[in-house]
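First comes the structure, then the notes that go with it.
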Ligand SMILES: *Cc1c(COP(=O)(O)O)cnc(C)c1O
């Protein structure tokens, strides 16, 4: 384990980013959450329940494998951290299990969540069912239409799905609605936020529930090939899978950390979800961070072929890592991600999520520059079964 520990200040600030911008009614709930979370961290009983559930219900540890045929195509050695093998299909279950256990600890019977494509909603519904919690998931009606199967999965898992008809009827509107629900039912309800976003303590808490990715990967890589990888690569929506991988390596200056945002139709087109290149600071959904906004501070429409990366705000800790040069951020277009998706399917027999395909796309693009001996560890954040219809549609085969 690396001795380097990066923590926000007591108010949840990562340098100029983070903090807590919420209505008065939520201040108490957030303080209570932070207190319980701190206690749980040093409670062996909680940690045992968490580890047992991650092992027996989610399927941890996930393996690290060398992708030899994909490596040939990339021109460098590529290793994959297989978060795609987890229950419900992505890393998101690490966080929802942790937050459901905290909810039980706080004595609350009900959880709510927002979801875009439905992955966080499904992971929340599954964990809520496992722990006997009432579950309501807010989802934009446009997203619900596009992701019918996930809506039905959530319902089968016992969750109530509430469609949101406001705004662009997508993720940011679902977050607004979930926050509204929380304000009115904060006594009996916990809001399970789905990424390293939102007011303190969510960014640090969600990060900590995903740190297991990097802690496992560090030991597994050493056992498999010796030492540390040269480069870590992960896609960045809010940034939870990326920070989960990076965190255990932050003290290792020799390990490059690359976060890959969604360049959509290309940065110049304006139709993308890459927050770092514009570096515009604002407040969205309770946190100060880099967001895509116009000159009047209005949040812009974003675009990505992958719903999980299609969000206007970047997790505040990533904004800080970027400013300090502790991690670097790049992007991949829809087209590059689709090519990488097909490459992994055919060369390795693995259908990657379109989100994860952005990290694979960076590796295919930069591999030859890195050189054939370079060892690149890619976080395969999720599986692509959910994306089959979308891939067929955008490639004109559906
Ligand atoms: C939701 C999701 C993401 C994006 O979320 P982060 O918080 O940036 O990790 C990435 N990959 C998959 C498979 C997802 O489901």
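In our numbering, the protein residues as written are 1 to 398. Don't be surprised by glycine CBs; every beta carbon is placed ideally from N, CA and C.
Residue i burial status per 10 Å Cβ neighbour count (16 or more: buried)
i	result
residue 171	buried
residue 395	exposed
residue 297	exposed
residue 187	exposed
residue 156	exposed
residue 357	buried
residue 262	buried
residue 331	buried
residue 391	buried
residue 9	exposed
residue 317	buried
residue 268	exposed
residue 25	exposed
residue 12	buried
residue 42	exposed
residue 306	buried
residue 207	buried
residue 236	buried
residue 56	exposed
residue 190	buried
residue 325	exposed
residue 223	exposed
residue 393	exposed
residue 29	buried
Contacts around residue i, its chain only, beta-carbon distance under 7 Å, and the 5 residues preceding and following it disregarded
i	result
residue 210	91, 94, 95, 240, 241, 243 and 244
residue 323	15
residue 348	67, 69 and 70
residue 368	75
residue 78	67, 70, 71, 363, 376 and 378
residue 4	Interpretation of residue 4 is limited by its pLDDT of 48, a score under 50 that renders its predicted location unreliable; no figure is taken from the coordinates.
residue 73	343, 347 and 364
residue 104	131
residue 321	327
residue 98	50 and 209
Beta-carbon spacing of residue i, residue j below 8 Å
i	j	result
residue 287	residue 197	yes
residue 351	residue 397	no
residue 151	residue 194	no
residue 259	residue 327	yes
residue 447	residue 102	Here the chain comprises residues numbered 1 to 398, so residue 447 is not present and cannot be evaluated.
residue 59	residue 308	no
residue 329	residue 276	yes
residue 344	residue 360	yes
residue 129	residue 137	no
residue 178	residue 140	no
residue 271	residue 264	yes
residue 335	residue 365	no
residue 80	residue 338	no
residue 61	residue 183	no
residue 37	residue 154	no
residue 333	residue 315	no
residue 158	residue 135	yes
Own chain residues within Cβ distance below 6 Å of residue i, not counting five before or after
i	result
residue 408	Past the boundaries of the shown model lies residue 408; the chain is included only from 1 to 398, so the question cannot be answered.
residue 220	64
residue 310	273, 302 and 304
residue 6	250
residue 27	none
residue 291	282, 284, 312 and 313
Contacting residues, own chain, Cβ-Cβ under 8 Å from residue i (five flanking each side not counted)
i	result
residue 1	Since pLDDT at residue 1 reaches only 36, below the 50 mark, its modelled position is unreliable, and the value read off the structure follows with that caveat. Here the set comprises 215, 218 and 248.
residue 293	280, 282, 299, 300 and 312
residue 255	228, 229, 230, 231, 232 and 249
residue 386	89, 117, 118, 119, 147, 149, 150 and 353
residue 388	351
residue 238	194, 195, 196, 197, 311, 313, 314 and 315
Using 8 Å as the cut-off, can you tell me whether the region 136-146 makes contact with the region 155-165, which would need three or more C-beta pairs spanning the two stretches below that distance? yes
At 4 residues or longer, what runs of the alpha helix (DSSP H) sit wholly inside the region 87-124? 92-105
Going residue by residue through the region 263-333, where are the continuous beta strand (DSSP E) segments of at least 3 residues, counting only ones entirely within it? 281-284, 287-290 and 328-333
Three-pair Cβ contact test at 8 Å for the region 216-229 versus the region 109-128: no
When you compare the region 12-25 with the region 42-51, are there three or more beta-carbon pairs, one atom per stretch, that lie closer than 8 Å? Touching, no.
Stretch-stretch touch, CB-based, cutoff 8 Å, three pairs: the region 21-41 with the region 197-207: yes
Any alpha helix (DSSP H) of 4 or more consecutive residues that is wholly inside the region 147-184: 148-156 and 171-184
Runs of alpha helix (DSSP H) wholly within the region 189-214 (minimum 4 residues, chain order): 202-210
Please specify which runs of the alpha helix (DSSP H), each continuous and at least 4 residues long, are wholly inside the region 334-374, giving them in chain order. Counting only runs of 4 or more, we get 334-348 and 354-370.
What are the complete alpha helix (DSSP H) segments, minimum 4 residues, inside the region 6-75? With a minimum length of 4 residues, the continuous alpha helix (DSSP H) runs that stay inside the region 6-75 are 24-41, 44-53 and 68-74.
Alpha helix (DSSP H) segments (min. 4 residues) lying fully within the region 226-262: 240-246
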